[in-house]
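Be aware that the sequence shown starts at 1, since it is given in full-length UniProt numbering, and climbs by one per residue.
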Amino acid sequence: MNILEETIKLGGKSIFFKRWIVPASHKTPIILLHESLGSVELWKSFPQRLAEFLQREVIAYDRLGFGNSSPLEKLSLNFITEEAETTFAAVIQHLEIDQFIVMGHSVGGGMTAVIAALYPDRCKAAITISAQSMVEEITRQGIKDAEANFCNEQFIKKLAKFHGDKAEWVLRAWIDTWLSPAFRNWNIDAYISKIKSPLLVIHGENDEYATLIQPERLIQLSNGYKELE
Numbered sequence: 001m002n003i004l005e006e007t008i009k010l011g012g013k014s015i016f017f018k019r020w021i022v023p024a025s026h027k028t029p030i031i032l033l034h035e036s037l038g039s040v041e042l043w044k045s046f047p048q049r050l051a052e053f054l055q056r057e058v059i060a061y062d063r064l065g066f067g068n069s070s071p072l073e074k075l076s077l078n079f080i081t082e083e084a085e086t087t088f089a090a091v092i093q094h095l096e097i098d099q100f101i102v103m104g105h106s107v108g109g110g111m112t113a114v115i116a117a118l119y120p121d122r123c124k125a126a127i128t129i130s131a132q133s134m135v136e137e138i139t140r141q142g143i144k145d146a147e148a149n150f151c152n153e154q155f156i157k158k159l160a161k162f163h164g165d166k167a168e169w170v171l172r173a174w175i176d177t178w179l180s181p182a183f184r185n186w187n188i189d190a191y192i193s194k195i196k197s198p199l200l201v202i203h204g205e206n207d208e209y210a211t212l213i214q215p216e217r218l219i220q221l222s223n224g225y226k227e228l229e
């Protein structure tokens with residue numbers, strides 16, 4: 001297996017990504033989208049194990065503001081849709097990827113659903129893991145609890161291992177965006193209904209930030225083959 005690290009430019013900013021390449025494999029690659037506090041390195045050994053098991057290339061990238069990508073001043077309230085239209089688009093264009101499988105965790109799962117909707121002919125399958133697709137009261141309460149527990153020097157130092165001097169921004173961007181009154185009614189229902197690719201929805205029963213309404217909604221509103229695990 002070949003493991004490559006690269007950066008590409010988008011609007012004067014750098015996007016870091018990593019590839020786990022299986023030699024002689026011509027299978028559709030999987031692109032991973034990280035969660036709100038995540039990064040390429042926080043996937044740990046998962047991408048390599050996934051590539052080895054499925055014998056296909058796996059690609060993960062740091063969203064702008066995260067990991068080894070360039071910092072952002074502010075996270076837009078439309079960041080989930082914008083991710084699909086800008087950074088994700090730049091990555092697949094740079095790598096000359098025509099067809100892909102997309103997999104995302106938490107907010108990355110929400111981005112996965114939007115990407116599947118926006119690229120119906122190129123997305124061959126979508127996999128969401130504990131995806132955020134709407135704001136529930138449990139979402140807001142979970143983040144309020146996280147704010148009380150995580151906004152301290154010790155936790156910031158842990159985050160800094162993966163985000164460097166962007167660590168505090170990463171934490172505040174997550175908390176402030178999801179608790180913003182302007183974000184209270186956010187959902188991606190309009191995108192879910194446009195999903196036609198096969199969809200695998202993985203969601204645990206004890207999610208601190210979502211009820212089972214969220215995975216069930218992904219299943220109910222999407223229009224392709226779908227499974228809930």
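In this text, a Cβ means the ideal position worked out from N, Cα and C, and glycines have one as well.
At a Cβ-Cβ threshold of 9 Å, Val-102 and Ala-116 count as neighbours. The criterion of a C-beta distance shorter than 9 Å is satisfied by Phe-16 and Asp-62. In the DSSP assignment, Asn-187 is bridged to Met-134. Taken in chain order, the complete alpha helix (DSSP H) segments of 4 or more residues contained in the segment 109-187 are 137-150, 153-163, 167-178. For Arg-217, the uninterrupted alpha helix (DSSP H) run begins and ends at 213-221, by DSSP. Annotation: Asn-223 to Ala-190 spans about 12 Å, alpha carbon to alpha carbon.
For the pair of segments examined, the segment 125-135 was found to touch the segment 165-185: the number of CB pairs separated by less than 8 Å reaches three. When secondary structure is reduced to three states using DSSP, Thr-7 falls in the strand class.
When the five nearest sequence neighbours on each side are left out, the beta carbons in the same chain lying within less than 6 Å of the beta carbon of Asn-2 are those of Ile-21, in order along the chain.
The straight-line gap separating the alpha-carbon atoms of Ser-70 and Thr-7 is approximately 10 Å. About 5 Å separates the beta carbon of Glu-229 from that of Ile-202, a gap short enough to meet the 8 Å contact definition. Rounded to the nearest angstrom, the gap between the Cα atoms of Gln-93 and Lys-161 is 30 Å. Separation of the CB atoms of Ala-89 and Met-111 is rounded to 12 Å, and the pair is thereby denied contact status at 8 Å. A buried status is given to Glu-35, since no fewer than 16 other beta-carbon atoms sit within 10 Å of its beta-carbon. Taken atom to atom, the span from the alpha-carbon of Ile-80 to that of Lys-166 is near 19 Å. The beta strand (DSSP E) runs of length 3 or more contained entirely in the segment 17-53 are, from start to end of the chain, 30-33.
Counting the other Cβ atoms within 10 Å of the Cβ of Cys-123 gives 16 or more, which makes it buried.
At least 9 Å separates the beta-carbon of Ile-59 from that of Leu-37. Residues of the same chain with a CB within less than 6 Å of the CB of Leu-200, apart from the 5 flanking positions on each side, are Ile-127, Glu-227 in chain order.
Apart from sequence neighbours up to five positions away, the residues of its chain that approach Ala-51 with a beta-carbon distance below 7 Å are Met-1, Trp-20, Val-22, Glu-57, Val-58, ordered along the chain. Remark: C-beta atoms of Ala-113 and Ile-30 do not approach each other more closely than 9 Å. DSSP places Glu-82 inside the alpha helix (DSSP H), whose first and last residues are 79-85. Counting every other CB atom within 10 Å of its CB across the protein chains shown gives Lys-18 a total of 16 or more, marking it as buried.
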